[in-house]
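Below: one structure, written as structure tokens.
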Amino acid sequence: MLIKKMKIKKLVVISFLLSIFAYGSIADIFAEENDGITTTISNTDNNTVVESLSEKKVDNSAIYNNTFLDNPTEPQNNAGLESTLNLVATNKENQSEETSSNVSDKTNPFNKDLNDGGQSSRVSNYADIINADKAENLKEVAVFKNTTTSDFKFSSIIDFPLSWNPKTDIKANVPVLSGTDINSIFDFGGNNSSNFSFKYALSGENGSNTVEDWGDRFDISKLTSMVISGTLKPDTYLKVSVPLDISNVELENKNTIRISKRITLPEKASRLDLYAILNKPLYYVDDMIYGKYAGAYRVTENGKNIYSAVPEKIQKLLPDVEKDDLIYNMFDSMYREGNQADLSVTSDNVAFNSSMFLIKTERIFNAVKDNGYTVYADDIRGLWNSYAYTMTSGLVFTDSNGKPVKLGEKNSDGILLSPYYVELHKIFDTKDIEIFVGDNWDKFDNLTYRKGIIPRGSNSATDLTDDQIVVEHNVDNKKVGVYNVKYLYEVSTGKFVTITGKVTVKNRPNPDKPTPPSIPEIDDKPVVPNNPTTPDKPVIPDEPMIPDKPKTPDNPAIPSKNIISNKPVVLNNTLPQMGSEIKIVNNIIGGIFAITSFAVARTNRRKGNKIKSNNN
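Per mature numbering (1 follows the signal peptide of the UniProt record, and there is no 0): the sequence shown = residues -27 to -1, 1 to 589.
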């Protein structure tokens, strides 16, 4: 959601820059700066989720005062001269006037549950947020009040946004037609205007001059500073209100406004700087509470960090997002080296692109710790109990198919992912194995992966040694059964990551004794065909023909006497072959017998049929 009741499907792109810290300290765990990693989070067309959301309470604030500040409207007091410097806007919805904070550097007490080392966060008068959707008629307003009983002489320099950022599109906007029109920005509060002098510094010009001295060169949109000198009567004030033009500002971006007020007195000089961010809301927090935390873990390939979605089994274990897991702060807290921020104050359900948030990790760790995964831990802080994120860019990680994971949508396994992701570290992986009775088995045989957490600033994790791993098992390789072997690694004092493998011990098959075949299953009832048909009555063939009486072969010719010899005649050096002739004779005799038998049988059958017909 960008604003109000806009549905989630209107949120096209949200990007998170992931900076993770333990107990509030900053560390770039997900990526080094040179990784070039970006994240795109899309919540498009998730109608199922949209319909399940309750009606949102729309926040009506035009300006959010930074909650790090205990007394955001407290004036600065210089020997009886009270002064304030604020940004003021009109709320579009109710036409009320809202005012930004007014306090200079402020030390914020640390939250012992989120910070470590007893350090605290220093917020440099920073980061009130001006809601560009609700604010109009934005002005820079300075007030000087004499609280003494005597006249008070002072001088002050008021700096405008253009003074600190020459490229800003937030500029003074007063329709000055002549020298007298500039007086519309002043409220003299019971004083005569003649008691004061006003000079103006312009961008691209040298020095400070009155409007009259600038003449035609005076351009209020180039105003960088105003120099005020004068005397306030007792219990009177001077108020300076300069409209700021924001019509050319990209309101979706983070637009930092810096203004300042310097006061010079005979006794001392002081300065107050004020920062604010002008920006549209990025989303409403309630709209983001759905789905499971998306898990990512880092591996190194060819010296480069690659982030992958955790396996489906682990993703299913990750818990659903709960609002109590999230600690939002809408303000940019100006981190400095060695300082942490207390983010225990929520953001009234609205987040801007200058906001930040924490994800508590306890539920996440407990969900995956017995499956070989953990959240980040180190030797100094132990197991980190929170990750911190800002909103401007972040991480791309891919699923098992090599495609970018889209947060806020169902993944390729049909699991609805939340808009939030967390980094996990893989410590263990195992395999189940089978052995025969009497086979050798070592307690590390099931372990296929054993690595520590990838440290910050490193591209790889080191292998865990046998001494770093505790092994618990009940395996008896001399007895048939199914056994468990459990591996444990202490990632932080009293915090263990574990995984359990299975060992199945089986009887060794006897090759001399064949295994009897299994008896096939037999149905109790045979299959009866549906409506069997009766075959047609066979056709009786016509009376067969009786073959003619075979002819008696002629007597063989008697050879001539002149070729009779006591010795057989050998022709062409070959012996006579008698077997074929005998075979032919046998075949002829067999054929005659078969034909005769067939004729007699057919004749007898015909006689039988005739007798049967006569009996009928």
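All C-beta atoms in this analysis are idealised placements derived from N, C-alpha and C, irrespective of residue type, glycine included.
The model shown is predicted, which means the values in this text are computed figures rather than measured ones.
Based on the DSSP secondary-structure assignment, which residues constitute the bridge partners of residue i?
i, result
"E445", "K459"
"A249", "D101, I230"
"T57", "V116"
"I236", "S129, S243"
"T72", "V61"
"G203", "F127, F169"
"N483", "None; N483 has no bridge partner."
"E335", "Its beta-bridge partners do not exist; DSSP assigns none."
"A174", "S181, S198"
Between which residues of its own chain and residue i is the CB-CB distance below 7 angstroms, once the five residues before and five after are set aside?
i, result
"E113", "L60, F133, V215, L217, I232"
"H398", "Y270, Y346, T347, Y349, I426, I427"
"D418", "I406"
"A105", "L224, L251, N252, K253"
"G163", "K206, T209"
"E70", "V61, T63"
"D192", "L175"
"Q550", "In this prediction, Q550 scores a pLDDT of 44, lower than 50, which makes its location untrustworthy; the coordinate-derived value is nonetheless stated afterwards. For Q550, where only same-chain residues beyond five positions count, there are no Cβ hits under 7 angstroms."
"D436", "R423, K424"
Let me know the secondary structure DSSP gives residue i once reduced to three states.
i, result
"G268", "strand"
"I155", "helix"
"Q49", "strand"
"L290", "helix"
"D402", "strand"
"S194", "helix"
"G387", "coil"
"L356", "strand"
"M329", "strand"
"R423", "strand"
"E223", "coil"
"N450", "coil"
"V147", "coil"
To the nearest angstrom, how far is the alpha carbon of residue i from that of residue j?
i, j, result
"A434", "N344", "18 angstroms"
"A52", "L58", "17 angstroms"
"N75", "I472", "55 angstroms"
"residue 597", "Y263", "Only positions -27 to 589 of the chain appear in this structure, which leaves residue 597 out of reach."
"V222", "G268", "37 angstroms"
"I158", "I230", "20 angstroms"
"L299", "V323", "13 angstroms"
"F330", "E407", "48 angstroms"
"V453", "V410", "6 angstroms"
"K289", "L390", "10 angstroms"
"L238", "S123", "15 angstroms"
"D142", "A108", "17 angstroms"
"E463", "E445", "14 angstroms"
"Y456", "Q441", "23 angstroms"
"K451", "K265", "45 angstroms"
"D260", "S128", "50 angstroms"
"D186", "V213", "21 angstroms"
"K333", "N384", "23 angstroms"
"I36", "V283", "41 angstroms"
"F125", "K234", "18 angstroms"
"D117", "Y394", "What sits at residue 117 in the sequence shown is Phe, not Asp. Roughly 49 angstroms separates the two Cα atoms."
"residue 590", "S243", "Beyond the ends of the chain as shown, which are -27 and 589, falls residue 590; an answer cannot be given."
"I155", "T183", "11 angstroms"
"S136", "Y248", "13 angstroms"
"L54", "E382", "58 angstroms"
"D293", "N275", "34 angstroms"
"T120", "P48", "12 angstroms"
"T72", "N168", "28 angstroms"
"T371", "E178", "54 angstroms"
"N447", "V369", "43 angstroms"
Since I believe residue j is in contact with residue i (beta carbons under 8 angstroms), could you give me their beta-carbon distance rounded to a whole number of angstroms?
i, j, result
"L291", "V341", "7 angstroms"
"S328", "N302", "6 angstroms"
"Y422", "D402", "4 angstroms"
"I130", "S194", "About 19 angstroms; that fails the 8 angstroms criterion."
"F171", "I201", "6 angstroms"
Quick one: residues in its chain with C-beta nearer than 6 angstroms to the C-beta of residue i, no 5 flanking neighbours on either side, listed in chain order?
i, result
"N110", "T63"
"V470", "K342, T347, I400, Y462, V464"
"T46", "N75"
"D386", "E285"
"P148", "none"
Given residue i, which residues of its chain have a CB within under 8 angstroms of its CB, disregarding the five upstream and five downstream residues?
i, result
"K479", "E407, I408, F409, V410, V453"
"N326", "E225, N226, K227, N252, L255, M364, T365"
"P139", "S176"
Against chain B, with Cβ distances strictly below 9 angstroms, would residue i count as a contact?
i, result
"G467", "Checking the listed chains, one finds no chain B in this structure; it contains a single protein chain."
Less than 8 angstroms separating the Cβ of residue i from some heavy atom of the ligand ATP?
i, result
"N480", "This structure simply doesn't include the ligand ATP, nor any ligand for that matter."
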